[in-house]
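Below you'll find the structure, written out as C-alpha cells, and then a few comments.
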Amino acid sequence: MIPAHYIGEGWKHAVLILGAIIVILPFYVMLSYSFKSPGEIDRNEGGFFGAQEMMVDERCIVVGGSREDCTFRPVVFNYGKAFSEAPLLRYLLNGLIVTLSIFLIQVAIALPCAYALAKLRFKGRDFVFGMVLFCLLIPVHAIALPLYIMLAKVGLTNSYAALIIPWTISVFGIFLMRQFFMTVPDDLIDAARMDGMSELSIVWKVMLPTAVPALLAFAIFSVVAHWNDYFWPRIVVTGNRDLFTPPLGLREFKGDADGSFYGPMMATATIIVTPLIVAFMLAQRRFIEGITLSGMK
Amino acid sequence: MSNRTAPLWFVGPAVLLMLVILIAPIIIAGGLSFTDYSLGNDGARWVGTKNYEKIASHSTYTKMLRSTAIYVLTVVPISVALGLGAALLINSLKFGRDLYKTIFFLPVMAALLAMAIVWEFALHPTIGMVNDTLAAGCGTLIQSVFDWGWLPFVNGAETWYGHACANNEFPLWLRDRDYAIWTICFIGIWQGFGFNMVLYLAGLTGIPRELMHAAEMDGARSAWERFRLVTWPMLGPTTVFVVTISSIRSFQVFDTVEALTSGGPSKTTYVMMYAIYEKAIKQNLMGMGAAITIVFLVFVLFITLVQRYLVERKVHYA
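Protein sequences, first through last, are from chains D and L.
One point on numbering: in my numbering, the residue at position 271 of the first sequence is 265, and numbering is uninterrupted.
One point on numbering: in my numbering, the residue at position 118 of the second sequence is 110, and numbering is uninterrupted.
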C-alpha cells in the first residue's frame, strides 16, 4: 500500500505540473516555431524540431535568386532571416547601450546621494529624504506623456538621450542604498577620514565596495526592467530604426509580417528573450533577489 | 570640493533630477489637462474641466475606465491567489521545489512584448495551438472531463465546451469582443503570478516553525485551520505588498494591448495606458492625454496611500 503522505505529495506535484505546462507552453511554441518551416507551422506538424527538410524560399526566387541559392534548412532560414530582414544586431546593441547607460548613471547619481542621506549631517537632509519618499510613489510610466512633451520641446525625441534620461534618477535606488549604508559602521568612515580621504573617495572607495551585494541586486532589477521595457521606447522613438531597442524591433517585425514569416519572427523573439533567461538560469538566486528587491522593506 | 560643501554636491544632482524628471511632469500634466494643447500648435486654449467631464461621460472614456477596472479587478485577485497557492504547495514539497520555482518565474524575466506575440500566435483562431488542442480534445476523454457532464444536473452538450465541440466553433479569442479582454487578462496573470509566488515564498520562510507547532498543540489539527490561524495572518504584510504592487503593475498594462488588440475590438480592451498613448502620442491630443494621466496618477497614489496606511496599522504580528 502507498503511504498517505506519498499520495499527498503526489497530487501536489500533479497540480504544479499542470501549472508548469501552461507556463512553459508559449516558450515551447516560440522555440519550436523558430525551428520549423512555414508549411509545418501552417499544418501544425513536425513535432518540436520539425523535419528540417530543405525548403525553398519563394520570395528569394521572385527577386531573381537561383533555386540553389534559395534553398535552406528551416532553422537556418528562420534565424538567418531574423538577422538579415531587420538590423537585429543593431537592436541588440542599442538595448545593451541603453540598459548599461541607465544603470551606470543611476548608480553615479544615487550612491553619493544615499551616502549623504545616511551618513552626513547637513541642513535640509530630512527634507530631501522626504522628497525621496514622495517620489517613490510616482511610477515613471505614468508621467510618460509630460516627459515626452518636455523632451519634444528641447528637440530630444528620437535620440539615445530620450531613451535614457527619464530613468537616470532612481529614487528606489537611493532609498535602497541609503537603507544599506545605514548599517555600515561609522567607525569605518571615521577611520577613512583620519587617513585623509576626501568624502568623494570615501563614497567610491569605502562605501561602494561594502555595497556590492545590494548593487548587484539593483543592477539585475534595473537591467531586466529596461531591457524588456516597451512602453517608453515606443513613445520616444518613432520611425528611426537605428534607435530601436529589441522589443521595438520585434514589434516592427510583427507589423510587416505575413504568414510565411512566423518562423523568423519567433526566431527574433527567441533571440531577444534568451539573454535574460540564460542569465537567470545561471544565477537564479541573485535574480530572484534582484527582481523582488522592491518587496524587501 | 571641501568636506563642508560635500553634502551639497552629493545630494544636488539627485534633487535636481527629482524635480525635473518626476515632480515637474506632474505639475505640467496638471496644467495641460485644463487645455486643448497639442504639439506644434503653441496657442493652447484653456478649456476648464472639459477634458475631465469627457472622461466621466463620453463613451470612449467610460469604456476605458471599464476595461481598466475589469483588467485590474481580474488580474490582481487571481494572480495573488495563484501566487499564494503555488507558494504554499511548493513550500510543502519534499523535492522539486527549485524546479517549479524556476519555471513559474520564467515569464517574469521574459520580455512581455515578445511573449505576447507568441501567445497571439498560440491563440490564432485557425492555426493556433490552443484551438487545435481544444478541437482535438472533442469526443475524447478530455471532452467528457471538461464538459462537466459527469456532474449531477449538468447537461454536457449545453456547456461551453460541449457547444464548441458540437458546432466545431472555437473562440476567436483576441478578435472577439466577448473574449478579448479576458484573453489579455489571462496573459497578464500568466506573466505576473510567478512574481507574487516568489514574494510569498519569502514571506513563508519568515514564519517561525514553533508557531505552527504551538497551533497544532492548541488544537489546530487540520492544515486548513493552521493556515487560517497562523499562516494567513503572518503573511499579512506580504499580502498588502503583493496586492499593491500587482495593482500598480496591472494599472500600467500596455504591451499586450498595443501589440495584440490596439484597444479593440470595439474598445473592449481600451485600457488607460493605451488610451494615453493613442490620444496623446498618435492623435496629438495632449490636453486629453494629460487629463487621463492625472486620473491615472490619482488611482495609483490612492492605492499606495492605502498600502501605507495598512502598513502603519501594522498588519503584521511578527
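Note that CB positions come from ideal geometry on N, CA and C, so glycine has one too.
On a predicted model such as this, the values are computed, not experimentally measured, just so you know.
For D:Ile285, the residues of chain L that pass the 9 Å Cβ criterion are Phe97, Val100, Met101, Phe187, Val190, in the order they occur in the chain. At a cut-off of 7 Å, the C-beta of L:Met121 has a neighbouring C-beta in chain D. For the 7 Å CB-CB criterion, L:Ser242 and L:Tyr63 form a contact.
Not flagged as an interface residue toward chain D: L:Thr231, since no C-beta distance is shorter than 7 Å. DSSP places L:Ser30 in the strand class (E or B) of the three-state scheme.
With contacts defined by Cβ atoms closer than 7 Å, L:Lys271 and L:Gly281 form a contacting pair. One Cα belongs to L:Ser239, the other to L:Gly184, and the distance between them is close to 11 Å. Annotated three-state conformation of L:Trp111 is helix, per DSSP. Counting C-beta atoms within 10 angstroms of its own C-beta, L:Phe246 has 16 or more neighbours from the protein chains shown and is therefore classed as buried. When C-alpha distances from L:Ser25 are compared across L:Thr236, L:Val39, L:Thr230, the shortest belongs to L:Val39. For the set D:Leu114, D:Gly284, D:Ile265, the Cα lying nearest the Cα of D:Ala76 is the one of D:Ile265. Residue-level contact check: L:Gly281 touches chain D, since one or more beta carbons of chain D fall below 7 Å from its beta carbon.
The Cβ of D:Phe212 sits no closer than 7 Å to any Cβ of chain L.
Out of D:Thr262, D:Ile271, D:Ile168, D:Leu127, the CA that lies nearest to the CA of D:Ser78 is found in D:Thr262.
Within the segment 69 to 96 of chain L, those residues whose Cβ lies closer than 9 Å to any Cβ of chain D are, in chain order, Leu74, Gly77, Ala78, Leu81, Ile82, Ser84, Leu85, Lys86, Phe87, Gly88, Asp90, Leu91, Tyr92, Lys93, Thr94, Ile95, Phe96. In terms of beta-carbon proximity, D:His220 stays away from the interface with chain L, with every pair separated by 7 Å or more. The criterion of a C-beta distance shorter than 7 Å is not satisfied by L:Met10 and D:Met171. At least one C-beta of chain L is nearer than 7 Å to the C-beta of D:Phe116. In the assembly as shown, D:Pro68 is a buried residue. Its beta-carbon has 16 or more other beta-carbons within 10 Å. Put simply, the CB of L:Met56 is far from chain D, with every gap to its CB atoms at 7 Å or more.
Contacts with chain D (Cβ-Cβ distance below 8 Å) from the segment 202 to 224 of chain L involve no residue at all. Ranked by Cα distance from D:Asp180, the options D:Arg115, D:Leu127, D:Val122 are led by D:Arg115. In this structure, D:Ala112 sits near D:Phe175, with a CB-CB distance shorter than 7 Å. By the rule that beta-carbons nearer than 7 Å mark a contact, L:Phe178 does not touch chain D. A direct Cα-Cα distance of roughly 56 Å separates L:Ser258 from L:Glu202.
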